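Working notes, beginning with the structure itself.
Residue numbers (the numbering used here), protein chains in the order written: chain A, 1 to 103; chain B, 1001 to 1216; chain C, 2001 to 2283; chain D, 3001 to 3151.
Here it is in structure tokens:
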């Protein structure tokens, strides 16, 4: 099972800046193991964000995003107490959702 | 007994009570360090335990480093003489190889660790400590810059008679730096079998060949 | 607003930008404005790169996991680590790390954070400390030890180092650590001191802290556990020293060995008064 | 200052990179993004008509000039162009150039930061695609250095 994300959502100037750290290998599919065999790609493909249950952002990622990915974006009009939920899905079909309140 | 003396005695008594054993002597601490070394490491791959039993040169230099007391001039000379005696001129008489291969050797930091396969090709680690060519921005500063090494020393033709002293000195320095500076931090590339003679020839070319980017 | 910032340049305030966006962009564009300035040295560029990484250190992920592990009932005895004595009494975590390594009367040894954690995992949770010490880095329970160490260090973030030298065993370990620090060996004649006994030196582009005194000692010692960008791994001090010795071409130092703990005492005492910055992010 | 030739080259590179993602059929033309001479670039850009990517000051790319480690290179994209549907981050010399694509909504700002792996020094591009299919881009060179002892 994957480890939880760390989500920081800070309100400022009428917006909220969202910083997310995800726990994921993000294997590129370009590396070889000790026996010279290609290590298959294993990476997050889709990221979605919602504010109080309403979808606000979708993203599609390639295998080049770094291991244990970091994402920062800004939600308009979000204020303290609002709930931000982030979901990722990887190319193996695994997914994870975590939630944080705007502070 | 005045007040200060009384205080010292009181403090000393308290300390002694708290720590039943007194602080060992320097020699005892040296011995303890050796015992701890022996208990703290295991051999792994090609990194055998003999690597933590320093030779006399290293023992003397480490002691000087640690205590901050410079080596006696005679001791330093003896270290340099011992190391000078290890330097062999190139078997084929050629001091310079191919600077391009020398650049690759200077870039590589591989070799001799417990994760390196025994007998794999070693690098020279040169850029870790020295600026060499101007193109490589990622260079260390533990050693002096070697940019324009040959040019600054007036080496227009490495095969000329005029260039002979600097060519031979550079060969010796790469082979065994401790021959010129008893406690140099530079690895003894030839003496310790880190680089082969052919590899040293290539690094020589990187530093001394007028065609090398180092001398542009 | 951000345009009034002393760091801002006219470039940060392009026409048509709303005030709202300016606020949101301040952090991101700070680096961009810097990038637009002419003739920056490579050292400046590297410093800028490091600054960009500071916000969003994946060590946070390990810190959160470590806190969970500390509180979770685990091991053969199904107990948490909440009664673990890190030197300031059972269960006291805050401030513990800036006083480690220290002498522990119950084990009769000077222990660093990671070796002390093994003691607690054995006595409280019933794990076999010897087996844990032999587990390779990055595997099984070793990952958990690293995560817990990450959390413990984070609980002391910003505090200052204050290692004890009152016990004779602590003073002995300092002296042994000092001797080990200067020990030249391996195929390349390297000592810790080869790279870490001078000010303002670097290896390749990495700054080398002078670990023999302040501020280098706390800067170096006080940054680990740290997230290693190059391999995406979290490294504790034991692994940090292990890999130093690997690169020194020495044999393999055992996990929690007296040698690595003695070096911890040497660096930690030298760093007295310096800030604890762990868990940091490193190349 | 960019010469016209450079501008055309960048436009063609971006078109080629967009084509390589397989997400934009309008760019899926026979591009050889490596060996261009000025004439073919001009022709290629002309062939794309209105769809040719245009370098724009209203798109910004953020990133370091030098990355100490290619495993983690912080990259950001932002734009204040109207009518933008999605923004992309691309690394020209990566085996798969598309790092990330963000779809906009009225609820978020067009500002994103993430981190990319880079196998070597390369130009990196931020591209904004509008609802009517136009592409606007910004470019930056990022040098990747070798750090550490390398052992």
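Beta carbons: idealized from backbone N, C-alpha and C, even for Gly. Quick caveat: nothing in here was measured; it's all calculated off a predicted structure.
Residue i - containing beta strand (DSSP E), residue span
| i | result |
| --- | --- |
| residue 12/A | 6–12 |
| residue 2206/C | 2206–2208 |
| residue 2103/C | 2102–2104 |
| residue 3110/D | 3108–3116 |
| residue 85/A | 83–90 |
| residue 3060/D | 3059–3062 |
6 angstroms CB neighbourhood of residue i in its chain, flanking five on each side removed
| i | result |
| --- | --- |
| residue 1037/B | 1052 |
| residue 1186/B | 1177 |
| residue 52/A | 82, 83 |
| residue 2240/C | 2224 |
| residue 9/A | 16, 18, 84, 100, 102 |
| residue 1151/B | 1215 |
| residue 2137/C | 2239 |
Inter-residue spacing [alpha-carbon to alpha-carbon] between residue i and residue j
| i | j | result |
| --- | --- | --- |
| residue 1033/B | residue 2238/C | 19 angstroms |
| residue 18/A | residue 3076/D | 14 angstroms |
| residue 3089/D | residue 3095/D | 14 angstroms |
| residue 2277/C | residue 2251/C | 30 angstroms |
| residue 2231/C | residue 3069/D | 10 angstroms |
| residue 1098/B | residue 1073/B | 39 angstroms |
| residue 3035/D | residue 3052/D | Residue confidence is low: residue 3035/D scores 31 on pLDDT, short of 50, so the model does not pin down where it sits. No coordinate-derived value is stated. |
| residue 3138/D | residue 3087/D | 11 angstroms |
| residue 46/A | residue 93/A | 10 angstroms |
| residue 1172/B | residue 1190/B | 9 angstroms |
| residue 2248/C | residue 2186/C | 7 angstroms |
| residue 2101/C | residue 2071/C | 23 angstroms |
| residue 70/A | residue 2161/C | 31 angstroms |
| residue 2033/C | residue 2045/C | Low confidence applies here, because residue 2033/C scores a pLDDT of 41, under 50, leaving its location unreliable and the question unanswered by this model. |
| residue 1195/B | residue 1103/B | 14 angstroms |
| residue 1125/B | residue 3144/D | 19 angstroms |
| residue 68/A | residue 26/A | 7 angstroms |
Bridge partners - residue i, DSSP secondary structure assignment
| i | result |
| --- | --- |
| residue 55/A | 50/A |
| residue 2226/C | 2235/C, 2280/C |
| residue 3084/D | 3130/D |
| residue 1042/B | 2252/C |
| residue 3098/D | 3090/D |
| residue 19/A | 8/A, 72/A |
| residue 2074/C | 2079/C |
| residue 2185/C | 2190/C |
| residue 61/A | 3100/D |
Proximal residues to residue i (C-beta, below 8 angstroms), its chain only, five neighbours per side dropped
| i | result |
| --- | --- |
| residue 1167/B | 1095, 1096, 1155, 1158, 1204, 1208 |
| residue 3084/D | 3104, 3110, 3128, 3129, 3130, 3131 |
| residue 2063/C | 2147, 2150, 2151, 2154, 2279 |
| residue 1175/B | 1086, 1087, 1088, 1188, 1189, 1190, 1191, 1200 |
Element boundaries [alpha helix (DSSP H), containing residue i]
| i | result |
| --- | --- |
| residue 3122/D | Segment 3122–3130 is the beta strand (DSSP E) holding residue 3122/D; no alpha helix (DSSP H) there. |
| residue 2178/C | 2168–2182 |
| residue 1172/B | 1164–1175 |
| residue 2062/C | 2059–2071 |
| residue 1151/B | 1149–1152 |
| residue 2151/C | 2140–2154 |
| residue 2054/C | 2042–2054 |
| residue 1087/B | Per DSSP, residue 1087/B belongs to no alpha helix (DSSP H) and is neither H nor E. |
| residue 1199/B | 1197–1208 |
Reduced DSSP secondary structure (H/G/I, E/B, other) of residue i
| i | result |
| --- | --- |
| residue 1094/B | coil |
| residue 2027/C | At residue 2027/C the pLDDT is 37, less than 50, meaning the model places this residue with poor confidence; the figure from the coordinates comes in the next sentence. Note: residue 2027/C maps to helix in three-state DSSP. |
| residue 2011/C | Summary for residue 2011/C: the model assigns pLDDT 32, below 50, so the residue's position carries little reliability, and this model does not support an answer. |
| residue 2253/C | strand |
| residue 1024/B | coil |
| residue 76/A | strand |
| residue 98/A | strand |
| residue 3074/D | strand |
| residue 1134/B | coil |
| residue 3079/D | strand |
| residue 2203/C | strand |
| residue 3137/D | strand |
| residue 1188/B | coil |
Contact set for residue i: own chain, Cβ-Cβ below 7 angstroms, skip 5 residues either direction
| i | result |
| --- | --- |
| residue 2269/C | 2163, 2165, 2174 |
| residue 81/A | 101, 102 |
| residue 2083/C | 2090, 2091, 2124 |
| residue 2110/C | 2101, 2102, 2103, 2169, 2170, 2173, 2261, 2265 |
Self-check item: Within 7 angstroms of chain G by C-beta, residues of the stretch 2225–2240 of chain C in sequence order
Solution: Any reference to chain G falls outside this structure, whose protein chains are A, B, C and D.
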